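Numbering (our numbering), first residue to last: 66 to 129.
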């Protein structure tokens, strides 16, 4: 089994960030996923690496 690290970036609005990436030709890998605290999306950048964007779901307090 191959394990890979994924760099992630917290953004204010993951869906808006995805729209901006798609506008410059960067495609998502999969669809927006949600859990109780986060929304996240993966994308492959022009450098070939996999990255994740994540935003806190509305009403979720920041982790201390």
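Every residue gets a Cβ at the ideal spot worked out from N, C-alpha and C, and that includes glycine. Given the structure is predicted, the values throughout are model-derived calculations rather than measurements.
Beta bridge counterpart(s) of residue 109 as assigned by DSSP: 115
Nearest neighbour of residue 121, chosen from 78, 73, 70 [CA to CA]: 78
Residue 83 versus residue 110 - alpha carbon distance: For residue 83 and residue 110, the distance between alpha carbons rounds to 12 Å.
Three-state secondary structure assigned by DSSP to residue 75: strand
Beta-carbon gap between residue 92 and residue 108 smaller than 9 Å: yes
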